[in-house]
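*Asks:* The following block contains the structure, expressed as C-alpha cells.
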Amino acid sequence: MDARQFVNPEQAGYVGFANLPNQVHRKSVKKGFEFTLMVVGESGLGKSTLVNSLFLTDLYPERHIPLASEKITQTVKIDASTVEIEERGVKLRLTVVDTPGFGDSLNSTDCFKPVIRYIDEQFERYLQDESGLNRRHIIDNRVHCCFYFINPSGHGLKPLDVAFMKAVHHKVNIVPVLAKADTLTKLEVQNLKRRIMDQIEDYGIKIYPLPDCDSDEDEDYKEQCRQLKNAVPFAVVGANSIIEVKGRKVRGRMYPWGVVEVENPEHCDFIKLRTMLITHMQDLQEVTQETHYENYRAENLANGGSPAGKASRGAPPSQSDGLSQRERELLQKEDELRKMQEKLARMQAEMDSKRPEVQPNGNIKTHNV
Ligand code: GDP
1 MDARQFVNPE
11 QAGYVGFANL
21 PNQVHRKSVK
31 KGFEFTLMVV
41 GESGLGKSTL
51 VNSLFLTDLY
61 PERHIPLASE
71 KITQTVKIDA
81 STVEIEERGV
91 KLRLTVVDTP
101 GFGDSLNSTD
111 CFKPVIRYID
121 EQFERYLQDE
131 SGLNRRHIID
141 NRVHCCFYFI
151 NPSGHGLKPL
161 DVAFMKAVHH
171 KVNIVPVLAK
181 ADTLTKLEVQ
191 NLKRRIMDQI
201 EDYGIKIYPL
211 PDCDSDEDED
221 YKEQCRQLKN
231 AVPFAVVGAN
241 SIIEVKGRKV
251 RGRMYPWGVV
261 EVENPEHCDF
271 IKLRTMLITH
281 MQDLQEVTQE
291 THYENYRAEN
301 LANGGSPAGK
311 ASRGAPPSQS
321 DGLSQREREL
331 LQKEDELRKM
341 QEKLARMQAE
351 MDSKRPEVQP
361 NGNIKTHNV
C-alpha cells in the first residue's frame with residue numbers, strides 16, 4: 001500500500017473539507033453543508049477523542065464521565081452538539097451525535113433502542129418538514145453516517161456489535177472503526193480487520209458501501225478509492241495532545257518507547273478515515289436520502305403514516321407487514337401523488353389569497369399572508 005497517498009495534504013489546522021466542492025463533485029456550494037455524524041460504541045473506546053481529533057474542535061467541553069456505580073443502571077443518552085466550521089469560505093454545519101452509556105449497563109440488550117429512536121425521529125421530522133409549507137428551508141438533521149467503534153481487545157465482533165449493526169444497517173450508513181489501534185501490533189490489526197470483515201459478511205451486516213470510482217476519474221483518485229476500501233474497518237488512534245517530534249508538532253500519544261502519530265498513515269488509518277468522510281460526504285448524504293430515508297418513508301406509509309417516532313416505538317418493521325415489495329412501491333407512489341396534489345392545492349390557496357381583489361368601490365386591496 002502506498003502510504004504517500006494519504007499524507008495530510010493541508011497545513012496543520014485544516015480538516016480539508018474546503019476542497020469538498022471541487023474535489024468530489026466539482027459543484028459550487030452556496031448554502032454550505034449540513035452533516036450529521038453519529039458515534040456509537042462502548043464507552044472508553046476513544047469516541048470523543050477521535051471526534052475532537054477529526055474536527056480539531058473540543059466538542060465536549062463539559063463532559064461528565066459516570067462512575068461504575070452509575071453505569072450499572074445507566075441508560076443511553078443522546079448528546080448532539082453542533083458546530084459550524086468554515087474553511088476558505090466553505091461552510092460546514094456539523095452535528096456530532098454521541099451515545100454515552102452504550103453497552104455500559106448490565107443489561108445491554110436495550111441500549112440501542114434510544115439510538116434507533118433518535119435516527120427515526122430525525123427522519124420523521126424531515127418527513128413532516130418536507131410535507132409542510134416551508135420546504136425550502138428544511139434543516140437536515142438526519143444521521144448521515146455512523147462510526148461504529150469496535151473494541152480492539154476482543155477477538156472480533158461481540159454479540160452486541162452484531163445485534164446493533166443489524167438493527168440499524170437499513171437506517172444509517174455504518175462505517176466500522178477499530179478503536180485504539182495503537183494497542184495492537186501491525187499483524188494483529190491485519191488479522192482482526194480480516195476477522196471483522198468475515199463476520200460482517202457472515203452475519204449479513206450491510207455497512208456503508210464505498211462507491212466504485214467512475215472509469216473516467218484520474219488514476220490517483222482511483223487508487224485512493226481502492227485503498228480506502230481496503231482499509232475498512234479503519235484502525236484509528238485518537239489524541240488530544242500535540243507533541244513535538246524531531247522539530248515537528250504532531251497530534252499524538254507519547255509512550256515510553258515512542259510517539260504514535262495520529263496523522264501518520266504508517267501508524268494508523270486516521271487520515272484515511274478523515275479522507276473517506278470528507279470525500280464521501282455528498283455520497284453519504286445521497287445514500288441517506290435515496291436509501292435510508294426512502295426505506296423509512298415506505299415503512300411509515302405501510303404503517304399507515306405514523307406520528308413522530310411511532311415506527312420507533314415498537315411498530316413492526318416493514319419486512320413483517322405482509323406487503324410485497326411491489327405493493328409497498330405502489331403505496332409509496334400513491335403517497336407521492338397525494339403529496340403533490342396537496343402541495344398543488346396549497347399553492348393554489350396561497351395564490352388565491354395573494355390575488356388582488358377589486359373592492360366594490362373600485363379600490364384594489366391585497367391580503368397580507
Ligand atoms: P469515549 O468514552 O468512547 O468517548 O472515550 P474517550 O475519548 O473519553 O477516551 C477514553 C480513554 O481512552 C481516555 O483516557 C483517552 O485518552 C483514551 N484514548 C482515546 N483514544 C485512544 C486511542 O486511540 N488509543 C489509546 N491507547 N487510548 C485512547
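Residue numbers for the sequence shown follow UniProt numbering, beginning at 1 and rising by one.
Yeah, the Cβ is synthetic: ideal placement off N, Cα and C, and Gly gets one too.
Measuring from the CB of V237, is there a heavy atom of the ligand GDP at a distance below 6 Å?
*Replies:* Yes, the Cβ of V237 comes within 6 Å of a heavy atom of the ligand GDP.
*Asks:* Beta strand (DSSP E) containing T36: first to last residue?
*Replies:* Note, T36: beta strand (DSSP E), F33 to V40.
*Asks:* According to the Cβ coordinates, are E34 and D140 closer than 7 Å?
*Replies:* In this structure, D140 lies closer than 7 Å to E34 by Cβ.
*Asks:* Under the three-state reduction of DSSP, which class applies to P265: helix, strand or coil?
*Replies:* If DSSP states are grouped into helix, strand and coil, P265 belongs with coil.
*Asks:* Would R88 be called buried (16 or more neighbouring beta carbons within 10 Å of its own) or exposed?
*Replies:* That one is exposed.
*Asks:* Take every Cβ of the stretch 269-277, pair it with every Cβ of the stretch 232-247, and state whether three or more of those distances are shorter than 8 Å.
*Replies:* Touching, per the Cβ criterion.
*Asks:* What are the uninterrupted segments assigned as beta strand (DSSP E) that are 3 or more residues long and contained completely in the stretch 163-200, given in chain order?
*Replies:* Qualifying beta strand (DSSP E) stretches, in chain order: 174-178.
*Asks:* Between the alpha carbons of E350 and K339, how many angstroms are there, rounded?
*Replies:* Roughly 16 Å separates the two Cα atoms.
*Asks:* If residue 399 sits next to I116, beta carbons under 8 Å apart, how far is it from one beta carbon to the other, in whole angstroms?
*Replies:* Here the chain covers residues 1 to 369 and nothing more, so residue 399 does not appear.
*Asks:* Considering K91, what are the terminal residues of the alpha helix (DSSP H) in which it resides?
*Replies:* First-last for K91: V90 to D98, but that is the beta strand (DSSP E), not the alpha helix (DSSP H).
*Asks:* According to DSSP, is R248 helix, strand or coil?
*Replies:* Three-state result, R248: strand.
*Asks:* DSSP three-state call for D120: helix, strand or coil?
*Replies:* D120: helix per DSSP, three-state reduction.
*Asks:* The alpha helix (DSSP H) with D220 in it runs from where to where?
*Replies:* E219 to A231 is the extent of the alpha helix (DSSP H) around D220.
*Asks:* Any heavy atom of the ligand GDP closer than 6 Å to the beta-carbon of K47?
*Replies:* Yes, since a heavy atom of the ligand GDP falls inside the 6 Å radius drawn around the Cβ of K47.
*Asks:* Have a look at F102 and D216 and give me their C-alpha separation to the nearest angstrom.
*Replies:* Using only the alpha carbons, I get a separation of about 43 Å.
*Asks:* Under 8 Å, with one C-beta from each stretch per pair, do the stretch 281-290 and the stretch 243-261 reach the 3-pair mark?
*Replies:* No: fewer than three Cβ pairs fall under 8 Å.
*Asks:* Could you compute how far the alpha carbon of D110 sits from the alpha carbon of A163?
*Replies:* Near 11 Å, if we compare the C-alpha coordinates of A163 and D110.
*Asks:* How many Å lie between V260 and D182 at the Cα?
*Replies:* Near 7 Å, if we compare the C-alpha coordinates of D182 and V260.
*Asks:* Give me the residue from L160, R135, E130 and K186 with the minimum Cα distance to I205.
*Replies:* Ranking the options by Cα distance to I205, first place goes to L160.
*Asks:* Please name the residue in L210, P209, D220 and N151 whose C-alpha comes closest to that of L192.
*Replies:* Measuring from the Cα of L192, the nearest candidate turns out to be N151.
*Asks:* Got a sec? Which residues, its chain only, sit under 8 Å from I78 by beta carbon, not counting five neighbours each side?
*Replies:* Taken in chain order, the residues that qualify are V97, D98, T99, P114, V115 and Y118.
*Asks:* Using 7 Å as the threshold, is the C-beta distance between F149 and L45 below it?
*Replies:* In contact: F149 and L45 (Cβ atoms closer than 7 Å).
*Asks:* Could you pull the start and end residues of the alpha helix (DSSP H) that I278 belongs to?
*Replies:* Residues F270 to T279.
*Asks:* Could you give the residue range of the beta strand (DSSP E) that holds V83?
*Replies:* Taken as a continuous stretch (DSSP letters only), the beta strand (DSSP E) holding V83 covers D79 to E87.
*Asks:* Which same chain residues, not among the five before or five after R142, have their C-beta less than 7 Å away from its C-beta?
*Replies:* If we look at R142 and ignore the five residues flanking it on each side, its Cβ neighbours are T36, Q122, F123, Y126, T288 and Y293.
*Asks:* Within 6 Å: the Cβ of G44 and any heavy atom of the ligand GDP?
*Replies:* Yes, the ligand GDP has a heavy atom inside 6 Å of this Cβ.
*Asks:* Given this structure, state the Cα-to-Cα distance separating L133 from E336, to the nearest angstrom.
*Replies:* If I take the Cα positions, the gap works out to 16 Å.
*Asks:* Using only the heavy atoms of the ligand GDP, determine whether one of them is closer than 6 Å to the beta carbon of K180.
*Replies:* True, at least one ligand heavy atom lies under 6 Å from that Cβ.
*Asks:* For R142, name the three-state secondary structure that DSSP assigns.
*Replies:* R142: coil per DSSP, three-state reduction.
*Asks:* Do you know how far the Cα of T49 is from the Cα of L92?
*Replies:* Roughly 20 Å separates the two Cα atoms.
*Asks:* Measure from the alpha carbon of H170 to the alpha carbon of each residue in K249, D218 and C146, then state which is nearest.
*Replies:* Considering only alpha carbons, the answer is C146.
*Asks:* Relative to the C-alpha of H280, which residue among R195, L301 and C213 is closest?
*Replies:* Out of R195, L301 and C213, C213 has the C-alpha closest to the C-alpha of H280.
*Asks:* If the criterion is Cβ atoms closer than 7 Å, does the pair D104 and S153 meet it?
*Replies:* Cβ distance not < 7 Å, so D104 and S153 don't count as in contact.
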